[in-house]
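Scroll down for the structure; my scribbles are underneath it.
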Ligand code: 5GP
């Protein structure tokens, strides 16, 4: 998606270890006009997929997910990174975060992801695919179907998309980064 690519090149900042910082328009300060355009692109790409619910994981997936849910007029569920003591019918999975170098528990209530649901997962980044695999696991536990996964930015060199597609899931990324070697952003 051209406007996102241009924005990444203009405002994205590269950090050692293959980390891209997009804090000025996605992850901290947010650009709602860009967010709306990105959500419209997901709506186009997943049109006709029979999706009835959007799923994301807190925190940075929530903004794009709610924008997609708003446009599709569908409910949005965000998986939580801490187990709330009051949550009933909990679905739980473990996700390793390479940016934080730790494994955390992610959960969602079975009240909101249920058998028969066709889920579209939305997140900001796709890197190694660990968060995505965890979400596929949650959706499977619920007896629902992961009908598609949409990422704003895919870091192709970390191989996450291959892993998710090997699970039989359709993956769409709006901007694909080939390399961040030498702290230079190379887009596909
Ligand atoms: P994965 O689970 O695919 O390895 O990593 C995806 C998650 O890690 C995303 O939800 C995102 O929050 C975070 N992440 C991965 N790579 C980056 C990055 O380069 N920059 C930022 N800001 N977050 C990232």
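Numbering (the numbering used here), first residue to last: 97 to 284. The beta-carbon is built from N, C-alpha and C at its ideal position, and this holds for glycine as well. Just so you know, these numbers come straight off a predicted model, no measurement behind them.
At what residues does the beta strand (DSSP E) containing residue 216 begin and finish? Taking the chain shown and counting its residues from 1, the one referred to as residue 216 is at position 120. Here the beta strand (DSSP E) through residue 216 covers 214-222.
Could you name the residues, in chain order, whose CB is less than 7 Å away from a heavy atom belonging to the ligand 5GP? Ordered along the chain, the selected set is 114, 115, 116, 117, 118, 123, 153, 156, 157, 191, 193, 194, 195, 219, 220, 221, 222, 223, 224, 225, 226, 227, 228, 251, 254, 256.
Exposure label - residue 271; buried when at least 16 CB within 10 Å: Mapped onto the chain shown, residue 271 falls at position 175. Counting every other CB atom within 10 Å of its CB across the protein chains shown gives residue 271 a total of 16 or more, marking it as buried.
Residue 160, buried or exposed, once every other Cβ within 10 Å from all chains shown has been counted against 16: As a working note, residue 160 is residue 64 in the chain shown. The residue in question, residue 160, is buried, as its Cβ has 16 or more Cβ neighbours within 10 Å.
Nearest to residue 196 by CA position, among 104, 174, 125, 227, is which residue? Counted from its first residue, the chain shown places residue 196 at position 100. Comparing Cα-Cα distances from residue 196 to each of 104, 174, 125, 227, the minimum goes to 227.
CB of residue 240 within 8 Å of CB of residue 213, strictly: Here residue 240 refers to the residue found at position 144 of the chain shown. Here residue 213 refers to the residue found at position 117 of the chain shown. Yes. Within cutoff.
Candidates 199, 128, 192, 99: closest to residue 166 by CA position: Here residue 166 refers to the residue found at position 70 when the chain shown is read from its first residue. Nearest option by C-alpha distance: 128.
DSSP beta-bridge partners of residue 176: To locate residue 176, count along the chain shown from 1; it is residue 80. Bridge partners of residue 176: 203.
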